[in-house]
Each structure stands twice: as structure tokens, then as C-alpha cells.
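Numbering (this note's numbering), first residue to last: 5 to 392. Note that the Cβ used here is the ideal one computed from N, Cα and C, for glycine as well.
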Amino acid sequence: MQNNMEKKHYKLNIELSVEKSTWSNKIERLNDNSFDLKEDGYYFGRSKSWYPDLEEVSLLNVLSADEKIDLQDKKIYRYPNLELPRQKVDLLKTKFNVKIIRDAELADIHIVSDKLIYNLLTLEWSTAVSYAQMFDVFNTLKQNDQLTESGLYKCKELLSVIEKDAYIHINTVKDYRYMSLVSDAINDKISSFDIDGSRDMIIRDNNIVVFNQLRNTTALIVRDVEINKIISEDLAVIDEDQFEQISKMIQSQDKDNRTLAVEMLANCNVEESFDIVSYLFFWYYDWFKDTNNWNNINVKTLRKRLEKFSGSKDNNRQWGYDQYITLLIAENKLTDFIVKKTIKKMYDSVIRNTFGCKNNVFSIDVESIYLEDKYKNLIIEKKQCIEI
5 MQNNMEKKHY
15 KLNIELSVEK
25 STWSNKIERL
35 NDNSFDLKED
45 GYYFGRSKSW
55 YPDLEEVSLL
65 NVLSADEKID
75 LQDKKIYRYP
85 NLELPRQKVD
95 LLKTKFNVKI
105 IRDAELADIH
115 IVSDKLIYNL
125 LTLEWSTAVS
135 YAQMFDVFNT
145 LKQNDQLTES
155 GLYKCKELLS
165 VIEKDAYIHI
175 NTVKDYRYMS
185 LVSDAINDKI
195 SSFDIDGSRD
205 MIIRDNNIVV
215 FNQLRNTTAL
225 IVRDVEINKI
235 ISEDLAVIDE
245 DQFEQISKMI
255 QSQDKDNRTL
265 AVEMLANCNV
275 EESFDIVSYL
285 FFWYYDWFKD
295 TNNWNNINVK
305 TLRKRLEKFS
315 GSKDNNRQWG
325 YDQYITLLIA
335 ENKLTDFIVK
345 KTIKKMYDSV
355 IRNTFGCKNN
365 VFSIDVESIY
375 LEDKYKNLII
385 EKKQCIEI
């Protein structure tokens, strides 16, 4: 992954057709009207992922540096898509005498969500090249005698107007039936460059306005998760000793019991209880849904926080266990306790169902299953919990 903070991104379409190209002695040459350059936002490097990860999002550098958040008597501006219900905002007003205002420029603190920050970036299956690499492409066309005089002049003009630290997506546009050695030369040259990653990360369109507003403000920019932590400081953290009890309540045939369990989870300190809460939500999602308070405001806030963990799961297939651990790692919430619970559940639901528990020839037990070393280093030490 490259870090190319706030580099301009351009899209350069090169159109290849009988009408646009000039043919002479069976050689296709590009004219000045074969090139179409458009500004296309900011370029932030290459990603190997389907979605931007935490490290890639940090390249935007819009969040304020870690520091103590002083809310007392502050004016706060709320961005959209917050995981922060109005009930909790009211608690802020009471505890810290904060004021919620609609003018971002007058606010002391801007509250943003991860979703807003992540959605600033667009990931595309494209390969943007550097200014120097674009020069190499043009030089290849010149050496191949694939530019007319006006085409060569256009290339020089493009080199003069594009910033030297910019990145350019060179896109050949042609009918699939149109055979073009020029297109082959361009694409072969781009393929020869050592470019890591599979997707370009770009900020464009309306997201540029939001990005510029965030990076140019003098206000403190804080994630809603951090505000929720402050609000939740006085709330109970679910202790590991309560895991079995709440797990049984969630799986109870009594709807009132399930409803009570979901209410407890929605009103606990979710961030400090994240491993346990996410485990129950991930594996017993359908039980969560069949409660009387599924659409209550606090439960909706919990659902939004755990959105990535939503959906019905197949307990009898191993991929779900991989998915859960991967999601937990992305949240930096992987604990030794929940790894052991996940291994035990996988042993009971996958291994024993497949292998059997009374085999007299081969033997496998729960101790035979362990986390890969590269993931063991990502286990965090959970803070001392406050009992409910």
C-alpha cells in the first residue's frame, strides 16, 4: 500500500477508432483529439482489499490526533450516519452542558462515524500511474511512431498541465472488435510497471467537499465511538462470568428472556464488552431478531455498531468461524477468551459433526485446534471488567 496523501487524480481516456486515429502504411497513429483528460478527485494509493481497512483510512488524516476529549461547555456539530442516538446525546447535554449546533464552522467538536470516513474513499479496479510512468507511456508511443505531429504535441501539453506528483488512470477506449497495436502498446507498458495492490483509492465528487471541510476545520474531529465510550463509562461491562448466563438467555425459548438479554447488551458498555457482545450477535443473530425490542432505539444503535456481524450463519461450516475472527481482528477486539469460545463452538458444531465423537481409530480433541501464529499476536488484553 502506498501513501500518496492528497495527490491529484486524473482520468485520461485515449480513444482508438477509425474516426479518431490516423492510419498510414498500416500503422495506427494517435491525433490530438484521441486524448481526453479530466480531473478526478484525489488519489490515496493502492489497496489489496475489497474495502478500505483501518490503515488505509488513516491516510486521509482527517481525525484529530489522540488526545483527551474535553466536552465541558463545548459546541458540537453532528455529521450524518452517527452511531449515537439522541437519548445518549441528551446525556451529554446533562453531564457536560454541551450544545448541538447546525453550523459546522462555529463548532468546537465535530463528531463523525467510521461509515462516513470509510465512504469518503472509492475503491476501483483500475491502475493509476505516476507522472513519470505516464511519460514512459508517451515515450513508448513516440518511439513506436504511433503519434502524429498533433498527437505528440498533445502529449507534451498534457505533461505541462498535469502536476508532477499526480496519478493518472490511462484508459484505452475502443470497440472490442477494433484491433489496435497502439492499445496493446499502452496496456503492455502499464503492465510492465511494478505497481502493488489491485484497486485505486480515490476521493471524488461530493466526497471532496466533505473531505475538505474535515481537513480544513480547526475543530476537534472525534469518532462517535469515542463519544459513546465517554457516555458508557458509567455503564456496566459484561464480565466473562456472565457469558454463559446471557448466552442461555439469548437462546431461550422464552421471548421475554431473549428480550431482556438483548436489552442488557444494548445498555452495557459495548466497546469494553465487544468480544462477548459481537460473539453473541454474530452466532445468534436470528434469536436477537425474534425479540420484542428489536426495533427500539438503543437496540437499533447496537445493531448499527455491529452491522458487519449481522446475518444468519451456518454453524456447521468452518468459513463462518474464520469470518468472525477476521471481523474481530479488524475491530482490534480479539481476546483470548473469545478465541477459546470460538474454537470450542467450532469443535462442537463442525469437527464432531464431521468426525464423530466415538471413533476408535483416529482421535481429535478441542486442544488440537489453535489459532495461527500471525493472529495470536493480534490478541489484546482485556481490561478488568465491572460485574453487572
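The stretch 185-200 contacting the stretch 117-126, beta-carbon criterion three pairs below 8 Å
No, they do not touch.
Do you know how far the Cα of K193 is from the Cα of I254?
Walking along the sequence shown from the start, residue 254 turns up at place 250. Walking along the sequence shown from the start, residue 193 turns up at place 189. Those two C-alpha atoms are separated by around 58 Å.
I'd like to check one pair, D112 with L224: are the Cβ atoms closer than 8 Å?
The residue labelled residue 224 in the question sits at position 220 within the sequence shown. The residue labelled residue 112 in the question sits at position 108 within the sequence shown. Taking the C-beta atoms as reference points, D112 is found nearer than 8 Å to L224.
Please name the residue, chosen from W323, L218, I235, D326, that lies closest to E87 on a Cα-to-Cα basis.
Taking the first residue of the sequence shown as 1, we reach residue 87 at position 83. The shortest C-alpha to C-alpha distance from E87 to any of W323, L218, I235, D326 is the one to I235.
Are V303 and I242 touching if we call contact CB-CB under 8 Å?
As a first step, residue 303 is located in the sequence shown; it is residue number 299 there, counting from the start. As a first step, residue 242 is located in the sequence shown; it is residue number 238 there, counting from the start. Between V303 and I242, the CB-CB gap reaches or exceeds 8 Å.
Under 8 Å between the Cβ atoms of I212 and G324?
Your numbering for residue 212 matches position 208 in the sequence shown. Your numbering for residue 324 matches position 320 in the sequence shown. It is not a contact, given that the beta carbons lie outside the stated cut-off.
Close-in-space but distant-in-sequence residues of the same chain around L95 (CB under 8 Å, 5 per side omitted):
Stepping through the sequence shown from its first residue, residue 95 is reached at position 91. Closer than 8 Å at the Cβ level, and outside the excluded window around L95, lie I235.
Excluding the 5 residues flanking I166 on each side, which residues of the same chain have their C-beta closer than 7 Å to its C-beta?
Along the sequence shown, read from residue 1 onward, the residue named residue 166 stands at position 162. Once the five neighbours on either side are set aside, the close Cβ partners of I166 are Y14, Y135, I172.
DSSP state of W27 mapped onto helix, strand, coil
Translated into positions along the sequence shown, residue 27 becomes position 23. In this structure, DSSP gives W27 an extended state, which the three-state scheme calls strand.
Output the distance between the C-alpha atoms of T263 and N299, rounded to the nearest integer angstrom.
Position 259 of the sequence shown, counted from the first residue, corresponds to residue 263. Position 295 of the sequence shown, counted from the first residue, corresponds to residue 299. Rounded to whole angstroms, T263 and N299 show a C-alpha spacing of 11 Å.
Does the contact criterion of 3 or more C-beta pairs under 8 Å hold for the stretch 270-289 versus the stretch 336-344?
By the Cβ test, the stretch 270-289 is in contact with the stretch 336-344, since at least three Cβ pairs between them sit closer than 8 Å.
Under the three-state reduction of DSSP, which class applies to V116: helix, strand or coil?
Along the sequence shown, one-based indexing puts residue 116 at 112. Strand.
Considering only C-alpha positions, which residue in the set F215, N29, L16, W54 is nearest to F39?
In the sequence shown, residue 39 corresponds to position 35, counting from 1. Ranking the options by Cα distance to F39, first place goes to L16.
CA-CA distance, N336 and K158?
The residue labelled residue 336 in the question sits at position 332 within the sequence shown. The residue labelled residue 158 in the question sits at position 154 within the sequence shown. As the crow flies, the alpha-carbon of N336 is around 50 Å from that of K158.
In three-state DSSP terms, what is E376?
In the sequence shown, residue 376 corresponds to position 372, counting from 1. It is coil, neither helix nor strand.
Over what stretch of residues does the alpha helix (DSSP H) that includes S196 continue unbroken?
Numbered from 1 along the sequence shown, position 192 holds the residue referred to as residue 196. For S196, the enclosing alpha helix (DSSP H) starts and ends at 185-196.
Could you check the C-alpha separation between D57 and A334 for me, to the nearest Å?
Indexing the sequence shown from 1 puts residue 57 at position 53. Indexing the sequence shown from 1 puts residue 334 at position 330. Rounded to whole angstroms, the gap between the alpha carbons of D57 and A334 is 8 Å.
For the alpha helix (DSSP H) that contains T263, what are its first and last residues?
Translated into the one-based positions of the sequence shown, residue 263 becomes position 259. From DSSP, the alpha helix (DSSP H) with T263 extends over 259-270.
Excluding the 5 residues flanking K72 on each side, which residues of the same chain have their C-beta closer than 8 Å to its C-beta?
Numbered from its first residue, the sequence shown carries residue 72 at position 68. Excluding residues within five positions, none has a Cβ falling inside 8 Å.
Tell me the rounded alpha-carbon separation between R411 and F286.
Shown here, the chain extends from 5 to 392; a query on residue 411 therefore has no answer.
When the Cα of D118 is compared with those of D326, Q150, E60, which residue comes out closest?
By one-based count along the sequence shown, residue 118 stands at place 114. When C-alpha distances from D118 are compared across D326, Q150, E60, the shortest belongs to E60.
What do you reckon, are the CB atoms on Y379 and I329 nearer than 8 Å?
Position 375 of the sequence shown, counted from the first residue, corresponds to residue 379. Position 325 of the sequence shown, counted from the first residue, corresponds to residue 329. Result yes, Cβ atoms of Y379 and I329 sit closer than 8 Å.
Straight-line gap, L185 to Y55 (C-alpha atoms, nearest Å)
Translated into positions along the sequence shown, residue 185 becomes position 181. Translated into positions along the sequence shown, residue 55 becomes position 51. As the crow flies, the alpha-carbon of L185 is around 35 Å from that of Y55.
In angstroms, rounded to a whole number, what distance separates the CA positions of N175 and V229?
Against the sequence shown, residue 175 aligns to sequence position 171. Against the sequence shown, residue 229 aligns to sequence position 225. Distance between the alpha carbons of N175 and V229 is about 40 Å.
Any idea which residues DSSP pairs K79 with across the strands?
As a working note, residue 79 is residue 75 in the sequence shown. Under DSSP, K79 takes part in a beta bridge, and its partners are K103.
If we ignore side chains and look at the alpha-carbon of each, how far apart do N143 and D188 end up?
Here residue 143 corresponds to residue number 139 of the sequence shown, with the count starting at 1. Here residue 188 corresponds to residue number 184 of the sequence shown, with the count starting at 1. N143 and D188: Cα-Cα distance of roughly 15 Å.
Pairwise C-alpha distance: S53 and R208:
As a first step, residue 208 is located in the sequence shown; it is residue number 204 there, counting from the start. As a first step, residue 53 is located in the sequence shown; it is residue number 49 there, counting from the start. If you take the alpha carbons of R208 and S53, they lie about 19 Å apart.
Name, in chain order, the residues that DSSP records as bridge partners for R50.
Taking the sequence shown and counting its residues from 1, one reaches residue 50 at position 46. Looking at the DSSP output, R50 sits in a beta bridge with D204.
Rounded separation between V22 and F48 - CA only:
Locating residue 22 in the sequence shown gives position 18, counting from the first residue. Locating residue 48 in the sequence shown gives position 44, counting from the first residue. Approximately 36 Å, taken between the alpha carbons.
Can you name the start and end residues of the alpha helix (DSSP H) that K305 belongs to?
Here residue 305 refers to the residue found at position 301 when the sequence shown is read from its first residue. The sequence given here places Thr at residue 305; Lys does not occur at that position. For T305, the uninterrupted alpha helix (DSSP H) run begins and ends at 301-309, by DSSP.
Buried/exposed call for T222, threshold 16 Cβ in 10 Å:
Mapped onto the sequence shown, residue 222 falls at position 218. That one is exposed.
Taking the alpha carbon of L162 as the reference point, which residue from N37, S372, E311 has its own alpha carbon closest?
Residue 162 sits at position 158 when you count from the first residue of the sequence shown. Cα-wise, what sits closest to L162 is N37.
Span of the beta strand (DSSP E) holding E19?
Mapped onto the sequence shown, residue 19 falls at position 15. Element bounds for E19: 11-19.
Secondary structure at A334, three-state DSSP: helix, strand or coil?
Mapped onto the sequence shown, residue 334 falls at position 330. A334: helix per DSSP, three-state reduction.
Taking all protein chains shown into account, decide if E32 is buried (16 or more other Cβ within 10 angstroms of its Cβ) or exposed.
Counted from its first residue, the sequence shown places residue 32 at position 28. Buried.
Tell me whether A136 sits in a helix, a strand or coil according to DSSP, three-state version.
Taking the first residue of the sequence shown as 1, we reach residue 136 at position 132. Looking at A136 - three-state DSSP - the assignment turns out to be helix.
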